[in-house]
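Residue numbers (my numbering): 5 to 595. A virtual CB, placed ideally from N, CA and C, is assigned to each residue, including glycine. First up is the structure itself, then whatever we jot down about it.
This is the structure in C-alpha cells:
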C-alpha cells in the first residue's frame, strides 16, 4: 500500500473530538489523584459522547449493506479523499518502457488507456517525459537486474533536471512491483510509484500522491480483476497485430515459477468483453490477434448463470493438476470457436498455454478453422520425468510425447514450439541427456531456453536446493540450444519448395530492399520488396505493404528463418482455396 494511506473513515457530520477517548488522556487519568467519584463521572460522560457519536455507517462512508458491488465502487469513488480534479493528468507526458512477456505489452496498453482517460499524454521521447513507467518482469534474475540498472540510469537523469522543470516521477508496474516492493520503496528509494498487475486502475491516484512529494504504492492482488471494462489502447507495429488478454493469473503452482505470487490466482475475462474487443480490432483492420494468458488455454468463464454446470474441465490424456478439477463455465474451446468466427481473414493465435489443457476438442477446432494458426506451443520444461515431478508439472515424459503424437495426428501440418529450463534443482547429467533426446525426438521449430534462476516465494525456494553449479547450467543450456537449432534447421528445410501464406510485418531489419513477415507456423520469412500480381490468376500487379497477405515460394532456410519470393497477393480464405486446388491437382496427377 502507498505511504500516504486512504483514511479509515469519512464522516458525513462534523463530530466534536472526544479528547477523553485518546489513550494518552486515559492513562493520565489513571495516574492522577482523582477520586473514584470523579473517575465515574468522567467515564459516564465518555459513554454519553460515544452513544451520540458516529455509527458504523459513518465509518464505511454511508454505504448501505444492501447496495450492489457496483454501487459500492461508485460511492467509494465519489467520496474519495482525493478530488477527481486532483487525479487529472493535465496533459502531463508519460513514457513507457515494457520488459518481458506479451502480457506486459498488454498491461502497458491497459495502463495507458486508464491514464489517457485522465488527461495524460503519451510520449516516445524520454527527455520530455514527466512520468516514466517501467512495466517489469520477475520471471528470472537477469530480467530483474536489467530493471535495477535502468532505474539507476533514470534516477541519475532525474537528479540532473533543472529545478525549474517539472520533477520527473519514476514508476514500476507489474510483477517486479509486487515482488520487490520493500527494496524498491524503502531500501533503494529509486521510485516514486509502485503498481502491481491488479492495481493499474489506481495509477492516477498514485501519481497524484507522488506529486505531493510522497512515495505511493498499491501492489494488492485481486481474485476478480480482469480489466474487462478497460479497452486497451493498442500500439502494435503499424497496427496489423494486437494482443487481447482473456485471463490473468495462474493456479498451476509449478515449483520454479513466481507467476502465481506476482499475478495471483486464475480468473477469466467474460466472453462478451473479449468478443467486443476482437470485433473492434477487426473493424480497425487488424489482421492478427493473439489471445493472452499466463495459462491461456485454461480459460473458464463462469460469470453468467447460463455458463454454469457440473462438468469438470477436461485435460490432456495422462495429465493432472495440483488443484481440484474445476467445473462449469465456458471453456477455451468455446471462446476460440466464437473468436474465430468474427473475421475469417483475421489470424488467431494464443499464448502461453499449458500442455495439460489440450483436450481433443481444442485440437480438432484448430485443425478445422482456417484462421486459427496451426502453431502449437507446448512448454515441456524438461525431458526427464524425475525433473518434471520436482517441477510439479503434472505429467511425465511419456505423457508429453503422447500429447505430441496426438497433436501431429489431428493437425498434421502443425508446427511446434516449446520452453526448456536447464539446470533445475537436482537435475543430473542423465536428466539433461533425456531433455536433449526429447528435443531431437519432437522436432520443434521455435524454442525459448533458459538456465534455471531460483525465485523467492516459490515452492522450490522453500523445499529444494539450487544445487547445479552455474557453469554446469551454462554448458547444459548451450547444448540444448545447439540441439534446438539443429532440429529447427531440419524442420525448416522441409519447407523449401513449398508455398507459404505470409502476413507482411514490414521492411526487413537487415535490408530496406527486403520485406519480412510470418507464416501460419510463426516462422519469419524474408523476401524481396517488389510488386506482385493482385491474385494468382491475374496479370495486374500492386506493391506489397505491411498488413498484406502474400503467397511466398520458399527457396532456402536456416534455423531462424525462411527465404523466398512473393508470388501474389492473397487472403486467408484465398490461401485455403489455393491449397485445395494444389491438393486436387496432385490427386489428379497421381491418377
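Would you grab the beta carbon distance between residue i and residue j for me? Rounded to a whole angstrom, and I think it's under 8 Å.
| i | j | result |
| --- | --- | --- |
| residue 214 | residue 173 | 5 Å |
| residue 303 | residue 251 | 5 Å |
| residue 558 | residue 499 | 5 Å |
| residue 447 | residue 495 | 5 Å |
| residue 332 | residue 306 | 5 Å |
| residue 479 | residue 531 | Actually they do not touch by this definition, with Cβ atoms about 38 Å apart. |
| residue 150 | residue 103 | 7 Å |
| residue 439 | residue 386 | 5 Å |
| residue 156 | residue 194 | 7 Å |
| residue 369 | residue 405 | So it is not a contact: roughly 23 Å between Cβ atoms. |
| residue 296 | residue 355 | 7 Å |
| residue 391 | residue 428 | 6 Å |
I'd like to know whether the C-beta atoms of residue i and residue j end up nearer to each other than 7 Å.
| i | j | result |
| --- | --- | --- |
| residue 139 | residue 94 | no |
| residue 378 | residue 433 | no |
| residue 237 | residue 198 | no |
| residue 137 | residue 177 | yes |
| residue 538 | residue 544 | yes |
| residue 346 | residue 283 | yes |
| residue 375 | residue 344 | yes |
| residue 492 | residue 563 | yes |
| residue 548 | residue 556 | no |
| residue 320 | residue 362 | yes |
| residue 384 | residue 414 | no |
| residue 221 | residue 202 | no |
| residue 529 | residue 566 | yes |
| residue 481 | residue 455 | yes |
| residue 189 | residue 154 | no |
| residue 285 | residue 275 | no |
| residue 420 | residue 359 | no |
| residue 411 | residue 357 | no |
| residue 520 | residue 534 | no |
| residue 279 | residue 353 | no |
| residue 183 | residue 142 | yes |
| residue 271 | residue 228 | yes |
| residue 464 | residue 260 | yes |
| residue 424 | residue 382 | no |
| residue 435 | residue 327 | no |
| residue 124 | residue 144 | no |
| residue 430 | residue 474 | no |
Relative to the C-alpha of residue i, which candidate in the options has its C-alpha closest?
| i | options | result |
| --- | --- | --- |
| residue 265 | 257, 272 and 380 | 257 |
| residue 502 | 302, 561, 321 and 484 | 561 |
| residue 133 | 147, 115, 570 and 99 | 99 |
| residue 249 | 336, 206, 219 and 129 | 336 |
| residue 146 | 459, 277 and 406 | 459 |
| residue 246 | 333, 220 and 291 | 291 |
| residue 542 | 393, 573, 522 and 524 | 573 |
| residue 348 | 289, 365, 357 and 206 | 289 |
| residue 450 | 489, 514, 457 and 437 | 489 |
| residue 205 | 352, 354, 111 and 424 | 111 |
| residue 212 | 468, 175, 382 and 228 | 175 |
| residue 179 | 330, 158, 298 and 216 | 298 |
| residue 350 | 187, 244 and 365 | 244 |
| residue 487 | 217, 409, 512 and 437 | 437 |
| residue 523 | 409, 129, 505 and 163 | 505 |
Taking all protein chains shown into account, decide if residue i is buried (16 or more other Cβ within 10 angstroms of its Cβ) or exposed.
| i | result |
| --- | --- |
| residue 316 | exposed |
| residue 160 | exposed |
| residue 131 | exposed |
| residue 466 | exposed |
| residue 105 | buried |
| residue 115 | buried |
| residue 74 | Confidence at residue 74 is low in this model, with a pLDDT of 40, below 50, so the placement of that residue should be treated as unreliable; the coordinate-derived value is given next. With fewer than 16 Cβ atoms within 10 Å of its Cβ, residue 74 is classed as exposed. |
| residue 591 | Confidence at residue 591 is low in this model, with a pLDDT of 44, below 50, so its placement is unreliable and no value can be given for it. |
| residue 525 | buried |
| residue 324 | exposed |
| residue 469 | exposed |
| residue 196 | buried |
| residue 30 | Caution applies to residue 30, whose pLDDT of 43 falls short of 50 and renders its modelled position unreliable; the model cannot decide the point. |
| residue 514 | exposed |
| residue 208 | buried |
Confirm the yes/no value for this check: CB of residue i, any heavy atom of the ligand ZN, distance under 6 Å.
| i | result |
| --- | --- |
| residue 362 | The ligand ZN is absent from the structure shown, which contains no ligand whatsoever. |
For residue i and chain D, any beta-carbon pair shorter than 7 Å?
| i | result |
| --- | --- |
| residue 574 | Of the chains in the structure shown, none is chain D; there is only one protein chain. |
Just list the alpha helix (DSSP H) runs in the region 89 to 167, keeping only unbroken ones of 4 residues or longer that don't cross its boundaries, in chain order. 106 to 121 and 145 to 164
With a floor of 4 residues, list each alpha helix (DSSP H) that falls wholly inside the region 415 to 475, ordered by position along the chain. 433 to 446 and 463 to 467
Start-end ranges of the beta strand (DSSP E) lying completely within the region 263 to 313, minimum 3 residues: 292 to 296
Beta strand (DSSP E) runs contained entirely in the region 487 to 563, provided each spans 3 or more residues: 503 to 511, 518 to 522, 528 to 532 and 553 to 561
Could you name each continuous alpha helix (DSSP H) segment of 4 residues or more that falls completely within the region 300 to 385, going from the start of the chain to the end? 336 to 346 and 364 to 372
Which full runs of the beta strand (DSSP E) of 3+ residues lie inside the region 161 to 214, going along the chain? 173 to 178 and 197 to 199
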